[in-house]
Amino acid sequence: MTVIDNRDVFGIEGEVRLSEAGPRDFFALLKPRVMSLVVFTALAGLVLAPGSINPVIGFIAILCIAVGAGASGALNMWYDADIDAIMSRTASRPVPAGRVTPEEALAFGLVLSVFSVGVLGLAVNWFAAFLLAFTIFFYAVVYTMWLKRSTPQNIVIGGAAGAFPPMVGWACVTGGVSLDSFILFMIIFLWTPAHFWALALFKMKDYGAVGVPMMPNVAGIPSTKRQIAVYAVLTAVTGVLPSFTGLSSIGYGIVAALLGAIFVHCSIAVWRMADGDEKMVPAKKLFAYSIFYLFAIFSALMIDLYVAPFAASLGGAA
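Residue 111 in numbering that gives the first Met the number 0 is what sits at position 112 of the sequence shown, and the numbering runs on without skipping anything.
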């Protein structure tokens, strides 16, 4: 950040702050890692939805969802800059590091929000645009500004924001939602607590330092470990449901069951982990596997969409 005497520019008293932000800093505001997960699950919803969509319109839809997710990230970084500056894993983000001003981050997030929702509505349909707008609002306002700092259930309730993308993708094709799209939502919704509480276990000091009431800091490690196991089981069960509703085949169900069994196994390892274990290796392994699990489940759903009919045709020919 550069500070200059604005008399050199305008001939008046005072100072002007010039941002030193580059394209990489604004890209970082979009939370690209989170965005990649959002885009992938939204693509799954779009691909799995009954009916068809013009490839160009489909591309625009996914682009709008990606931009909307990035807008949410920018608004989150704007509001959380004070605590991000204290936490080790977020201190280098553009706003707390001083490379992007809070005003720039806020304006960037708002402009992207309006742009993504408006284009999605005009190019695809307004129901999908409404869902995207609600997702941005839920993450930026309901989760970031309210739940995150007020309740240990922040991740449970706030997880809905990350679970909406496949429903938005589904709505882009069908103009509505359905039981199958709700199951896709529930897979992510139930996955979120186990994923983030595993992270919270080995980042307790960071969350404690900024006063964010994450479950391990409020309810304690033993209670958090039990709840992680419960949510892992619920996630594993929900992950198999598409094979019972007709969205996918029994082949997918077997794959999902195996992936879920490993998820539960990792959560049990966390449950058995000593409360005083400072390295918390099982929690770190669960956190890493949980990311793989979600990508694998949605990959399996999309692959099954094309493999199952081919396998059925071979069986019929035999």
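C-beta: ideal position from N, C-alpha, C; glycine also.
Please read all numbers here as calculations on a predicted model, not as lab measurements.
Out of F163, D79, D303, which has the shortest C-alpha to C-alpha gap to L130? F163
Measure how close the beta-carbons of G157 and V140 come, nearest whole angstrom, since I'm counting them as under 8 Å. Actually they do not touch by this definition, with Cβ atoms about 11 Å apart.
Roughly how many angstroms lie between the CA atoms of G238 and F195, to the nearest whole one? 18 Å
Segments of 4+ residues assigned as alpha helix (DSSP H) that fall wholly inside the region 193–265: 203–209, 214–218, 220–239, 241–244
Excluding sequence positions up to five away, which residues of its chain have a Cβ less than 7 Å from the Cβ of S112? G67, A70, I135
Any C-beta of chain C sitting closer than 7 Å to the C-beta of A268? In the displayed structure, chain C is absent; only one protein chain is listed.
Using 7 Å as the threshold, is the C-beta distance between K283 and C265 below it? no
To the nearest angstrom, how far is it from the Cα of A193 to the Cα of I227? 5 Å
If you count every other CB in all the chains shown that lies within 10 Å of the CB of R98, and 16 or more means buried, which is it? buried
Measure how close the beta-carbons of F126 and G174 come, nearest whole angstrom, since I'm counting them as under 8 Å. 5 Å
Quick one: is Y305 buried, meaning 16 or more other Cβ sit within 10 Å of its Cβ, or exposed? exposed
Cβ-Cβ distance between A235 and G259 below 7 Å: yes
Along the chain, which unbroken stretches of the alpha helix (DSSP H) at least 4 residues long are found entirely within the region 41–127? 54–78, 80–83, 101–122
What does the Cβ neighbour count give for A170, buried or exposed, with the cut at 16 atoms within 10 Å? buried
Any idea if S87 is buried or exposed, counting beta-carbon neighbours within 10 angstroms, 16 or more meaning buried? exposed
Limits of the unbroken alpha helix (DSSP H) element including L28: 22–28
Do the region 178–190 and the region 140–154 touch if we need at least three Cβ pairs shorter than 8 Å? no
Can you say whether S289 is buried or exposed, counting buried as having 16 or more other CB atoms within 10 angstroms of its CB? buried
Of the residues R225, P95, V167, which one's Cα is nearest the Cα of S115? V167
L29 versus A128 - alpha carbon distance: 19 Å
Inspect the beta-carbon positions of V229 and V263 and report whether they are closer than 7 Å. no
Which first and last residues belong to the alpha helix (DSSP H) in which G157 is found? 153–162
Using a threshold of 7 Å, state whether the C-beta atoms of V254 and A299 are closer than that. yes
Use the C-beta contact count for S180: other C-beta atoms within 10 angstroms, 16 or more gives buried, fewer gives exposed. buried
Same chain only: Cβ atoms within 7 Å of I267, ignoring 5 sequence neighbours per side: A228
For K284, which of helix, strand or coil comes out of DSSP? helix
Can F107 and A73 be called in contact, C-beta distance under 7 Å? yes
Cutoff 7 Å; reference F201; Cβ partners in own chain excluding five residues on either side: M279, A282, K283
Mapping DSSP to helix, strand and coil, what is V176? coil
Rounded distance between the beta-carbons of P221 and D274, thought under 8 Å: 6 Å
With distances taken between CB atoms, is the gap from M34 to A65 smaller than 7 Å? yes
Since T89 and D83 are thought to touch, with beta carbons under 8 Å apart, how far apart are those beta carbons, to the nearest angstrom? 4 Å
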